[in-house]
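**Student:** Residue numbers (our numbering), protein chains in the order written: chain A, 1076 to 1186; chain B, 36 to 150.
The structure follows.
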Amino acid sequence: SQKIEQNSEALNIQEGKTATLTCNYTNYSPAYLQWYRQDPGRGPVFLLLIRENEKEKRKERLKVTFDTTLKQSLFHITASQPADSATYLCAAGSSASKIIFGSGTRLSIRP
Amino acid sequence: KAGVTQTPRYLIKTRGQQVTLSCSPISGHRSVSWYQQTPGQGLQFLFEYFSETQRNKGNFPGRFSGRQFSNSRSEMNVSTLELGDSALYLCASSLTPGQATDTQYFGPGTRLTVL
């Protein structure tokens, strides 16, 4: 079955470092991948979308890559801050099927 | 522009009861999706509606149903509640379904507790 896996359930890093989150997909060829941020008690908030024909996308301190050979997306937060602490969700979709979400990675940035 | 609204925000029910949750999408959005989120299972897709028609359905039992009205507002219903139905139910709206550029905007969710 189609599966989206975010390898790390939790990630703790020092403020100022780059946080790198991983999203892998199996039995699926998504047309795009999305990354969301979710704070406790709130709905996910869209951050970035990357299409299958794009290698990399940037937005301020955020960068996402899409490697169709490795079937993987990496999500980077540079110069991380405590305010970046949240759960980050990866989602994959195509025009033919529903969006599938990963289980999320809980990121904690310590001062 | 107002965001996605969900009512009620919190709900406590007992086993065997039924519940109806409501979602109002962003103005102009015609696609509404519902998700169940639990600590163990993450975000699980329930169903998606577009122009009052169910376009996709997840792997949930028939106790879970939904509908969409002509104004794009959507409701989901869960009958014969079970303890395992306790979860955060999220609604998301988008302009059109399945497009690569189409972002989903999530509501704050309804926290359902089944006792």
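Using N, Cα and C, we set each Cβ at its ideal position, and we do this for glycine too.
1. Among all the DSSP beta bridges, which residues are the ones paired with residue 1099 (chain A)?
2. Determine the contact status of residue 72 (chain B) and residue 145 (chain B), defining contact as a CB-CB distance below 7 Å.
3. Return the first residue and the last residue of the beta strand (DSSP E) that residue 112 (chain B) is part of.
4. Residue range of the beta strand (DSSP E) that residue 61 (chain B) falls in?
5. Report yes if the CB atom of residue 105 (chain B) is closer than 7 Å to the CB atom of residue 60 (chain B), and no otherwise.
6. Please list the residues of the stretch 92 to 122 of chain B that have a C-beta atom closer than 9 Å to any C-beta atom in chain A, keeping them in chain order.
7. Just checking my contact of residue 1169 (chain A) with residue 1087 (chain A) at CB under 8 Å: how many whole Å lie between their CB atoms?
8. Report buried or exposed for residue 1115 (chain A), applying the criterion of at least 16 other Cβ atoms within 10 angstroms of its Cβ.
9. Counting along the chain, where does the beta strand (DSSP E) carrying residue 1164 (chain A) start and finish?
10. Taking DSSP as the reference, what is the three-state secondary structure of residue 119 (chain B)?
11. Would you mind listing the beta strand (DSSP E) stretches within the stretch 1100 to 1144 of chain A that are 3+ residues and don't spill past its ends, in chain order?
12. Less than 7 Å between the beta carbons of residue 116 (chain B) and residue 44 (chain B), yes or no?
13. Would you decide whether residue 74 (chain B) is buried or exposed? Buried here means 16 or more other CB atoms lie within 10 Å of its CB.
14. Nearest to residue 1153 (chain A) by alpha carbon, out of A:1084, A:1140 and A:1094?
15. For my contact list, residue 70 (chain B) and residue 1121 (chain A) are in at a C-beta cut-off of 8 Å; report their separation, rounded to the angstrom.
16. Helix, strand or coil for residue 1094 (chain A) per DSSP?
**Tutor:** In short:
1. Within the first sequence, the letter at position 24 stands for residue 1099 (chain A). DSSP, once it has assigned bridges, lists A:1080 and A:1147 as partnering residue 1099 (chain A).
2. For the purposes of this step, residue 72 (chain B) is taken as the residue at position 37 of the second sequence. For the purposes of this step, residue 145 (chain B) is taken as the residue at position 110 of the second sequence. Result no, Cβ atoms of residue 72 (chain B) and residue 145 (chain B) do not sit closer than 7 Å.
3. Position 77 of the second sequence holds residue 112 (chain B). From DSSP, the beta strand (DSSP E) with residue 112 (chain B) extends over 109 to 113.
4. For the purposes of this step, residue 61 (chain B) is taken as the residue at position 26 of the second sequence. Segment: none, residue 61 (chain B) is in no beta strand (DSSP E) and carries neither H nor E.
5. Numbered from its first residue, the second sequence carries residue 105 (chain B) at position 70. Numbered from its first residue, the second sequence carries residue 60 (chain B) at position 25. Not closer than 7 Å, so no.
6. 92 and 93
7. Position 94 of the first sequence, counted from the first residue, corresponds to residue 1169 (chain A). Position 12 of the first sequence, counted from the first residue, corresponds to residue 1087 (chain A). Wrong, their Cβ atoms sit about 34 Å apart, outside the cutoff.
8. Taking the first residue of the first sequence as 1, we reach residue 1115 (chain A) at position 40. Residue 1115 (chain A) is exposed by the Cβ-count criterion.
9. Position 89 of the first sequence, counted from the start, is the residue given in the question as residue 1164 (chain A). Looking at the DSSP string, the run of the beta strand (DSSP E) that includes residue 1164 (chain A) is 1161 to 1169.
10. Counting from one through the second sequence, the residue named residue 119 (chain B) turns up at place 84. Looking at residue 119 (chain B) - three-state DSSP - the assignment turns out to be helix.
11. 1107 to 1113, 1120 to 1126, 1131 to 1134 and 1137 to 1142
12. On the second sequence, position 81 is the one that residue 116 (chain B) refers to. On the second sequence, position 9 is the one that residue 44 (chain B) refers to. Contact: no.
13. As a working note, residue 74 (chain B) is residue 39 in the second sequence. Classification for residue 74 (chain B): exposed.
14. To locate residue 1153 (chain A), count along the first sequence from 1; it is residue 78. Ranking the options by Cα distance to residue 1153 (chain A), first place goes to A:1094.
15. Mapped onto the second sequence, residue 70 (chain B) falls at position 35. Mapped onto the first sequence, residue 1121 (chain A) falls at position 46. Between residue 1121 (chain A) and residue 70 (chain B) the Cβ distance is about 14 Å, and since that is not below 8 Å, they are no contact.
16. Counted from its first residue, the first sequence places residue 1094 (chain A) at position 19. Residue state, collapsed to three classes: strand.
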